[in-house]
Amino acid sequence: MLGRSAGEGLVRSCVRGDWVRSSRPGEGVELLRAWFGGRAYERHRHDTYAISVTETGVQTFDYRGRMERSLPGEVVVLHPDEMHDGRPGTPAGFGYRIVYVDPARIAAAVRAIKGRSTPLPFVREPVSGNATLARAVTAAFWPAPEPLGLDALVLSLAEGLLAGDAQGNVARMAPRFDHAALERARAYLDGRQTVVRSGELETVTGLDRYELARQFRAAYGTSPYRYSLMRRLDFARGQLGRGAPLADVALAAGFVDQAHFTRMFRSAFGLTPGRYVRLRDAGTSAA
């Protein structure tokens, strides 16, 4: 079977409590999390990179003429159009997270990293402890990335694939910066309190989204997505300090709902928006 993702080869079973949750946060990227107690996938192939992290149990699969095993924390890289299957390695079953990404997005990110067009990365060892890929896959699921977050995700995946490619250590061009474009990007993000899309920054800067993400991170120590998110959360803190309702603040800062806003606020500041307001009020009273 040929499909954009391994879902095309899924054998569904309710007897063992098998489950799959998937989402498509943006063009060319699909996220899937699953657990299987019985056989998961029949032999199939898809035309995307499939990069996963085994979370629990032992994941076993046949790939390139060999049986492979992945333990918790290990990374599996399956290349486009490569036949494979999937099953538990023990009776306890297995769970995993996987990112399917269009090769065209990886190619564009690799071009930004290397400064020229090159063949797609080819990772010869399908199971590894590749820390760059493990961090990228894990981070992709909480929360589901926004457009600028997808750019950062794809760039990290490309870096991880290059690190796992036997040819990935070839000399790269010296870092280059378009400082005027980067300042325009930062000023644009400073002036927006809602979600910013990749095309907006491409128009403002004249840089490809992956080249912008690479340069921005090198120049400012963070990705355009993270910078934008923190500016939105700073705006939200200001609104909370003025007594605005949490639900209104969440929408004004571009979050899907109050729960999404609460998760992101707590991740950034270590406490919920509600507790922040209570502590702020207590401090004002004490003064």
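Throughout the sequence shown, residue numbering follows the numbering used here, covering 156 to 442 in sequence. We put the CB at the ideal spot given by N, CA and C, even for glycine.
- Inclusion of V208 and T293 in the CB contact set at 8 Å is warranted, their separation being smaller than that value.
- Between the beta-carbon of P281 and that of V232 there is about 6 Å, and that keeps the pair under the 8 Å contact cut.
- Checking the DSSP bridge columns, you'll see P243 partnered with Q214.
- Cα atoms of V309 and P258: separation of roughly 10 Å, rounded to the nearest angstrom.
- In the three-state reduction of the DSSP assignment, L303 falls in the helix class, which pools H, G and I.
- For P274, the closest C-alpha among the options N285, R260, Q394 is that of R260.
- By the Cβ neighbour-count rule, W297 is exposed, with fewer than 16 other Cβ atoms within 10 Å of its own.
- Inter-segment contact for the stretch 395-413 and the stretch 363-371 is absent: fewer than three beta-carbon pairs are separated by less than 8 Å.
- In this structure, G315 sits near T287, with a CB-CB distance shorter than 8 Å.
- When DSSP states are grouped into helix, strand and coil, T349 belongs to the coil group.
- In the three-state reduction of the DSSP assignment, T209 falls in the strand class, which pools E and B.
- Boundaries of the beta strand (DSSP E) around A189: 184-191.
- When secondary structure is reduced to three states using DSSP, L426 falls in the coil class, being assigned neither helix nor strand.
- The beta carbon of S353 sits closer than 7 Å to the beta carbons of P302, L303, D306, R364 from its chain, once the five residues preceding and following it are set aside; these are given in chain order.
- As computed with DSSP, M222 is found in a beta bridge with D217.
- According to DSSP, residue pairing for V175 in a beta bridge involves A189.
- Cα atoms of P243 and H199: separation of roughly 17 Å, rounded to the nearest angstrom.
- In the DSSP assignment, V256 falls within the unbroken beta strand (DSSP E) covering 249-256.
- Note that the stretch 168-188 does not touch the stretch 219-231; fewer than 3 beta-carbon pairs, one per stretch, sit closer than 8 Å.
- The stretch 204-222 and the stretch 235-249 touch, with three or more beta-carbon pairs separated by less than 8 Å.
- Checking the DSSP bridge columns, you'll see G181 partnered with V184.
- Here the alpha carbons of P246 and V254 stand approximately 25 Å from one another.
- When rounded, the separation of the alpha-carbon atoms in F390 and T417 is 14 Å.
- With fewer than 16 other beta carbons inside 10 angstroms of its own, G393 counts as exposed.
- Contact check for G172 against G212 fails: the beta carbons are separated by 8 Å or more.
- Between R266 and P276, the alpha-carbon positions lie close to 11 Å from each other.
- When F371, T349, V175 are compared, the shortest CA-CA separation from E357 is found for F371.
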